[in-house]
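Residue numbers (my numbering): 4 to 113. Where a beta carbon is used, it is the ideal one built from N, C-alpha and C, also for glycine. A short worksheet on the structure shown next.
Structure follows, in C-alpha cells:
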C-alpha cells in the first residue's frame, strides 16, 4: 500500500509537518522505533491501537482523526457537518431537514 492510497499515512505526514516534528522526534515521543514510524509514514503498516493512541497524543490530535479524518475541534466539526448536509440534502426528507433546522435554532425537544 502506498501513501497515495493510505489516508492514515497522509494525515500522519500532514500532522507531523504541521507540528514541526521530525520522524525521529515523533518515534521517540510515541515510544516506537524509527523503522516502525517510517513504515507508518510510508503507508506500509498501520499501528496497533495502543501505539496509535501514543502517536496521536504525541501529535496533539486524536486517533479518530488519524484513522478516519474525524474533525479535531469545533470549527473543523462545523465544516464537516456543513459538507455532510450539503452532500446529502437532496436525499433528505422535509422532516429530516426540519429536524436539522430545529436543532440549529435550539428548538429540539430533549
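Collapsed DSSP secondary structure at residue i in the structure displayed
i	result
residue 4	With a pLDDT of 45 at residue 4, under the threshold of 50, the modelled position of this residue cannot be trusted; read the value that follows with caution. Three-state result, residue 4: coil.
residue 67	helix
residue 93	helix
residue 42	helix
residue 57	helix
residue 106	helix
residue 49	coil
residue 10	helix
residue 22	coil
residue 86	helix
residue 113	Unreliable positioning characterises residue 113 in this predicted model, as indicated by a pLDDT of 46, which lies under 50. A coordinate reading is not provided.
Beta carbon of residue i nearer than 8 Å to that of residue j
i	j	result
residue 62	residue 22	yes
residue 120	residue 17	Only positions 4 to 113 of the chain appear in this structure, which leaves residue 120 out of reach.
residue 41	residue 26	yes
Residue i versus the options, residue with shortest Cα-Cα distance
i	options	result
residue 46	8, 71 and 110	8
Cβ contact check for the segment 51–65 and the segment 79–93: 3 or more pairs under 8 Å: The way I'd put it, the segment 51–65 doesn't touch the segment 79–93; fewer than three beta-carbon pairs between them come closer than 8 Å.
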